[in-house]
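In this note's numbering, the protein residues as written are 239 to 1148.
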């Protein structure tokens, strides 16, 4: 046995035949020769071609397989051409047979026990002429043998009448040699028995290294090659890979994570005092919190706020200050307010009472200002402003630094009294302030429903009493009153709670009959007006209602009565405050990303399950913010979440929450299985009933009615921005791109700068950038056309400039194929040039509800006279076709007999 180390071959038998342990029969002869270099060559030969019925055998000793399951046999031999032999030979062959016998130790001498491997033939045979020239035509044949299951194997060679010389027998198996790769050792490995089999081998991490994610593995092929590496080892924390080995980190350097490859120098204000550090400790007076990344510098608490000023408005104080001179090296600086007032005996200060309100809050302020309200009039107050950051709690020995402000409040109304109460009204009265700063000009009454102080109403009165109406029955309201003099407004009084009467109030019962009669008369008048006007479902083309005299507010923003109001996150000085106020932070451990379903403006859009504690698992869509984002990109990304978080409606895409405290930053929304409406309709062209399509349109209109009532203008309402779930419920989405459409392929530059989607946008919004709910109604009409045409592109292949020109010339899209006439009339109403003549969304919902309840009204389809709107009846057919970019069909129209616009108007779908 001659094993040769350092190669992938392990030789079991390799030598000229004479030194093999071959057991010849009487018919094979051992011959010794020399080659051209006079090196000895030993062969076994047989050439008994002159005799009949030859059966000559040559056997080897037992060859141990050393555990190999597949071995290879290489034969080198010469063979004489039978045609070159003299005549009269008995039986001449040009082949011989090779056999094997597996054994665990017994000898196999009987040929009947051998198994045939193959019949061996020569590629090159020699002749008598070759013998004269001493030309040796050597043949090489290789055969593999397996699977082998026992310790050893015998080989045997059978000659049936050939003239052959066996020069060399080489028996070997292949192996995958010892290997060190990626800090992992892989041992000598014997391949499997099958030709295509890969043997998986788990490597062993060496030299202070650990597996990264999973143990390293490689696969040994039958050719003795290492293939398909999986996983790897990396140096354990405190070590770095250098020249294939893990070296310990030096003093002043550290390595904390398996993912990082190299040592890192300790960040500022920290140090590593020993070799092999996995983290750096902070210098005295500097700190870190657990959420700080290892490469972040150690920080310290901030200094006191600077330049604090106050502005007293009666019993309210507005405090403002500048950021500290020293922030401690952190960006998470927040501010706390400590309020104290002079005690009644005037001998000291005491904490402000619980009735004092801080807007937006007293502690954890991110802005450098705060409004303090509901203070006592003519009272001295002291305010201490403190700046804190993430490590302030760790700095126990750090002396807190404050800036102090002393103020004195002015007049305020003290007591508000309730008079007569009805089911929708409350009578109020109050006394003048004790010491007004001048003549009182008027009073402001602020009220809101209890627990809903973010939305309130303000009305004015010159008297010290008034009746507040339009309230909800059986509801508790909060009232506050303040006075205005020439010096300005005083502070609001403290809060007073009053409740309206229930529906069945005894005092109201007496008027029920009168009210019923009045309502009947009003209803009769409305019905008569409806019949005379000819308008559907009560919507009118008259001008919009004048503004209400009452002012309604939500978080400081004016709103319409009785409706929750949308607040633009851009009005916040710190956009992060809007995210915190309107969205819910979700721990990233509750989310699993399973697959990528698309790409957005800021990164990939994925889907996966959301598992919130105590709630049922649900499938969600996950928008991610790509790596390497700027702070502005992060704000723009979360801007959409700040909008969505304010909406709660079954036809508005629902925001589940955001992930901002880890990377990647994510926006989590409900998952809509059928994707965007335009793509969904194209995939299912003609597959839905008219009622199903109207149901989708009704859902979109309902969502837009909700947005309109909140004072939100979408600006980019289109079928591509409507999502559809598995129940065919349509939901309005894409609020982030409705403000700027830089990457929208449907957008085009206007003369006023900025991009807008021309095909979906009302004329006044294109020309003057006048975006209102009425311009959203125009866009809704285009969405209706998209739905009824199953996702066809509005205005087809017309350019954006041609669309603008055509719309200005009163061209409107024709009714889609098989579109009900009632729906096309609604589309045309949405496309009225005067925005005041367009229906409102609540009127659209009302009409669609009526159509759904009365399906027979949808049977009449757009007739031919309404399918085309001709702006110039004197046009020729060719001119008209040119105007809608269909001039190439002029000849076909003429050949079909459509030579005038009158005949074209009679054209049917057939």
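No residue lacks a Cβ here, since even glycine has one placed at the ideal position from N, Cα and C.
With a threshold of 16 other CB atoms inside 10 Å of the CB of residue i, please say whether the residue is buried or exposed.
| i | result |
| --- | --- |
| residue 361 | exposed |
| residue 480 | exposed |
| residue 615 | buried |
| residue 1144 | exposed |
| residue 1027 | buried |
| residue 599 | exposed |
| residue 837 | exposed |
| residue 930 | exposed |
| residue 626 | buried |
| residue 822 | exposed |
| residue 1025 | buried |
| residue 751 | A caution first: residue 751 carries a pLDDT of 45, below 50, which makes its placement in the model too unreliable to give a value. |
| residue 786 | Bear in mind that the predicted position of residue 786 carries a pLDDT of just 34, short of 50, making it unreliable; the figure below should be weighed with that in mind. By the neighbour-count rule (16 or more Cβ atoms within 10 Å), residue 786 is not buried but exposed. |
| residue 1127 | exposed |
| residue 584 | exposed |
| residue 954 | buried |
| residue 994 | buried |
| residue 983 | Confidence in residue 983 is poor, its pLDDT being 48 and thus under 50, which makes the residue's placement too unreliable to answer from. |
| residue 1034 | exposed |
| residue 942 | buried |
Between which two residues does the alpha helix (DSSP H) containing residue i stretch?
| i | result |
| --- | --- |
| residue 936 | 928-947 |
| residue 1068 | 1059-1068 |
| residue 1026 | 1011-1026 |
| residue 813 | 813-820 |
| residue 1121 | 1115-1121 |
| residue 833 | Looking at the DSSP string, residue 833 is not in any alpha helix (DSSP H); the run it does join, the beta strand (DSSP E), is 833-837. |
| residue 196 | Residue 196 lies beyond the range of the chain shown here (239 to 1148); nothing can be said about it. |
| residue 1091 | 1079-1091 |
| residue 621 | Here residue 621 belongs to no alpha helix (DSSP H); instead the beta strand (DSSP E) covers 618-626. |
| residue 1139 | 1139-1143 |
| residue 853 | Counting along the chain, residue 853 falls outside any alpha helix (DSSP H), and DSSP gives it neither H nor E. |
Could you work out which residue in the options is closest to residue i when comparing CA atoms only?
| i | options | result |
| --- | --- | --- |
| residue 866 | 851, 901, 837 | 901 |
| residue 1017 | 1030, 1056, 668, 996 | 996 |
| residue 284 | 301, 249, 330 | 330 |
| residue 682 | 662, 654, 719 | 719 |
| residue 740 | 664, 693, 806 | 664 |
| residue 1023 | 919, 571, 1010 | 919 |
| residue 344 | 313, 302, 333, 970 | 302 |
| residue 842 | 850, 833, 848, 849 | 833 |
| residue 222 | 687, 1025, 670 | No statement about residue 222 is possible, as the shown extent of the chain runs from 239 to 1148 and does not include it. |
| residue 420 | 608, 472, 434 | 472 |
| residue 848 | 298, 839, 824 | 824 |
| residue 638 | 645, 644, 630 | 630 |
| residue 516 | 835, 522, 317, 532 | 532 |
Can residue i be considered in contact with the ligand SAM, in the sense that its beta carbon sits closer than 7 Å to one or more heavy atoms?
| i | result |
| --- | --- |
| residue 854 | Absence of the ligand SAM is noted for the structure shown, with no ligands found whatsoever. |
Based on the DSSP output, what are the partners of residue i in its beta bridges?
| i | result |
| --- | --- |
| residue 383 | 309 |
| residue 464 | 458 |
| residue 704 | 666 |
| residue 557 | 548, 608 |
| residue 487 | Residue 487 pairs with nothing; no bridge assigned. |
| residue 686 | 716 |
| residue 269 | 281 |
| residue 803 | The partner list for residue 803 (beta bridge, DSSP) is empty, contrary to what the question assumes. |
| residue 969 | 961 |
| residue 377 | 315 |
| residue 1129 | According to DSSP, which records beta bridges pairwise, residue 1129 is partnered with nothing at all. |
| residue 192 | An answer regarding residue 192 cannot be provided, because it is not within the stretch 239 to 1148 covered by the chain. |
Just curious, the beta strand (DSSP E) that residue i is in, first and last residue?
| i | result |
| --- | --- |
| residue 867 | Note, residue 867: premise wrong, no beta strand (DSSP E); not H, not E. |
| residue 551 | 544-551 |
| residue 278 | 278-285 |
| residue 421 | Taken as a continuous stretch (DSSP letters only), residue 421 belongs to no beta strand (DSSP E), as it is neither H nor E. |
| residue 737 | 734-737 |
| residue 715 | 714-723 |
| residue 1001 | Careful: residue 1001 lies outside any beta strand (DSSP E), inside the alpha helix (DSSP H) at 1001-1006. |
| residue 906 | 904-908 |
| residue 918 | It is not in any beta strand (DSSP E) - residue 918 instead sits in the alpha helix (DSSP H) that spans 915-921. |
Inside the segment 580-608 only - beta strand (DSSP E) runs reaching at least 3 residues: 587-589, 595-597
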